[in-house]
Every structure is written in structure tokens, then in C-alpha cells.
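S.K.: Numbering (the working numbering), first residue to last: 49 to 244.
Where is the CB? At the ideal position from N, CA and C, for every residue including glycine.
If you're wondering where the values come from, they're calculated on a predicted model, not measured in any experiment.
1. Once DSSP output is grouped into helix, strand and coil, what is the label at residue 88?
2. Using C-beta distances below 8 Å, list every residue in its chain close to residue 153, excluding the 5 sequence neighbours before and after it, in chain order.
3. At which residues does the beta strand (DSSP E) containing residue 64 begin and terminate?
4. Taking only the alpha-carbon atoms, compute the straight-line gap between residue 91 and residue 109 and give it to the nearest angstrom.
5. Assuming contact is defined by CB atoms lying nearer than 8 Å, are residue 143 and residue 149 in contact in what I supplied?
6. Tell me the rounded alpha-carbon separation between residue 131 and residue 167.
7. Quick check on the DSSP output: the alpha helix (DSSP H) that includes residue 125 runs from which residue to which?
8. Within a Cβ cutoff of 8 Å, which residues of the same chain sit near residue 223, ignoring the five residues on either side of it in sequence?
9. Could you name the residues of the same chain whose beta carbon sits closer than 8 Å to that of residue 226, not counting the 5 residues immediately before and after it, in chain order?
10. Thinking residue 107 and residue 85 are a contact (beta carbons under 8 Å), I'd like their distance in whole angstroms, please.
11. Per the DSSP calculation, residue 81 is bridged to which residue(s)?
12. With a 10 Å radius around its C-beta and 16 neighbouring C-beta atoms as the bar for buried, classify residue 52 as buried or exposed.
13. Can you grab the Cα-Cα spacing for the pair residue 95 / residue 62, in whole Å?
14. Quick one: what's got a C-beta closer than 6 Å to residue 103's C-beta in the same chain, skipping five residues either side?
15. Determine the closest residue to residue 50 out of 79, 210, 93, with distance taken between C-alpha atoms.
16. Would you call the CB atoms of residue 140 and residue 158 closer than 8 Å?
17. Go ahead and label residue 185 buried or exposed: buried means 16 or more other beta carbons lie within 10 angstroms of its beta carbon, across all protein chains shown.
18. Measuring straight from C-alpha to C-alpha, what distance separates residue 65 and residue 105?
19. Compute the beta-carbon to beta-carbon distance between residue 235 and residue 214, rounded to the nearest angstrom, for a pair I have assumed lies under 8 Å.
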């Protein structure tokens, strides 16, 4: 028999037997498996000692709500401070959503948040300025690269004639060369022709 020790008032599963843990007096001999809901170490120990498998299910922690009507004077003051703090943070967030950052009039947490956001805003400004400077540098480098490419593609006017003459000599001797070969490499190939 499956036995469940719990304080629940509904949601019982068929085929299981339920017991109130506070009324536990001794081990039930027919139990084959036991589930204990909550912290009842005596029940767990008794069934484990009897050789019965025991499963313990922990309960979530209890949350106690204190209303302003029942709170003491100190708690009322703390609650009022927290509400004011929350209001200041909400106003700060609303301003940020509207694209503005305004210093809150009160609230330690809101003031700290304002200072941190101010630091972040200043850092973003510095990063933006640095990025813009890098963009100008990159644009300048691109222009230099383009100028170098153009210079590499088109040789100076006097050199173009010399390159054409060197290529003509190599064509005449039926020597292969790269179409974009440099003047120096063409001169080397022509020099090898005269030694051969």
C-alpha cells in the first residue's frame, strides 16, 4: 500500500492512502512505499528503520504578507520609504523611456541609478566620438589603398614604353611571361635571353 503523509485538503489520488503527519504514532505494517510532504524527520526515520522506501517532498517556503493596517510603526515607515523609492525609480525609468534623463529628487536607489546611468551615458558618448574618429581614419586608409591600386595598375608613362619593348623582345623569342609581370621581372627574362 502506498501511504502519503500530508496536510492537503484536496487533490487526492486514487490507490493511495493519506494520513495527517501530526497524528503519526507508529509505522503501518501494510505500507510498501511512503511519501512524506513537508519536514517530518521522525516519520521518515521510522519507516526507513522498518525498511520501507520513503520519498520526501519539500514544501515551498511560507510567505507572510504584512498589511499597512497590521504593521507596526517602524514597518509602516519602512513601507512608506520603499514606496517612495519605488516611485522615484519609476519616474526615472519613465523619463528614460521618453529619451530624457532627469535627476530624481529623492530615493537613494534612484539617485544611485541616475549616477550610474550618467556614467554609462558619458562612456557611450566617448565611444561614439572614438568610433567617428576611426571611421575618418578608415576612410582615409581606403583612399590611400585606392590610390596605390591605381598606381600599381598603370605604370608611369615612360616606363610603359620600356615594358612594351621588353614584352616585344620576349614575344619574338617565344618566351612566356605573366601578362601583369613587373618591369624588373621582364628585364630579368630578357637578360637570360642574351646569356643563352
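M.R.: Taking the structure as given:
1. The residue you call residue 88 lines up with position 40 of the chain shown. DSSP places residue 88 in coil when its eight states are reduced to three.
2. By one-based count along the chain shown, residue 153 stands at place 105. Excluding the 5 residues flanking it on each side, residue 153 has same chain C-beta neighbours closer than 8 Å at 136, in chain order.
3. Taking the first residue of the chain shown as 1, we reach residue 64 at position 16. Unbroken beta strand (DSSP E) run through residue 64: 64-67.
4. In the chain shown, the residue the question calls residue 91 occupies position 43. In the chain shown, the residue the question calls residue 109 occupies position 61. Taking the straight line from one Cα to the other gives about 20 Å.
5. Sequence index remark: in the chain shown, residue 143 carries index 95 (1-based). Sequence index remark: in the chain shown, residue 149 carries index 101 (1-based). Their beta carbons are under 8 Å apart, which means residue 143 touches residue 149 by this criterion.
6. Residue 131 sits at position 83 when you count from the first residue of the chain shown. Residue 167 sits at position 119 when you count from the first residue of the chain shown. Approximately 26 Å, taken between the alpha carbons.
7. Along the chain shown, read from residue 1 onward, the residue named residue 125 stands at position 77. Unbroken alpha helix (DSSP H) run through residue 125: 121-145.
8. Sequence index remark: in the chain shown, residue 223 carries index 175 (1-based). Setting aside the 5 residues that flank it on each side, residue 223 is surrounded in the same chain by 237, 241, each with a C-beta closer than 8 Å to its C-beta; the list follows chain order.
9. The residue you call residue 226 lines up with position 178 of the chain shown. Excluding residues within five positions, the ones whose Cβ falls inside 8 Å are 233.
10. Position 59 of the chain shown, counted from the start, is the residue given in the question as residue 107. Position 37 of the chain shown, counted from the start, is the residue given in the question as residue 85. Confirmed, Cβ separation roughly 7 Å.
11. Counting from 1 along the chain shown, the entry for residue 81 is found at position 33. Looking at the DSSP assignment, residue 81 forms a beta bridge with 50, 101.
12. Counting from one through the chain shown, the residue named residue 52 turns up at place 4. It counts as buried.
13. As a working note, residue 95 is residue 47 in the chain shown. As a working note, residue 62 is residue 14 in the chain shown. If you take the alpha carbons of residue 95 and residue 62, they lie about 22 Å apart.
14. Your numbering for residue 103 matches position 55 in the chain shown. Around residue 103: 83.
15. Looking up residue 50 in the chain shown gives position 2. The shortest C-alpha separation from residue 50 is found at 79.
16. Position 92 of the chain shown, counting from 1, holds the residue named residue 140. Position 110 of the chain shown, counting from 1, holds the residue named residue 158. Yes, the Cβ-Cβ distance between residue 140 and residue 158 is below 8 Å.
17. For the purposes of this step, residue 185 is taken as the residue at position 137 of the chain shown. Residue 185 comes out exposed.
18. What you label residue 65 is simply residue 17 of the chain shown in a count that begins at 1. What you label residue 105 is simply residue 57 of the chain shown in a count that begins at 1. Using only the alpha carbons, I get a separation of about 16 Å.
19. Within the chain shown, residue 235 is the residue found at index 187, counting from 1. Within the chain shown, residue 214 is the residue found at index 166, counting from 1. Residue 235 to residue 214, Cβ: 6 Å. Contact.
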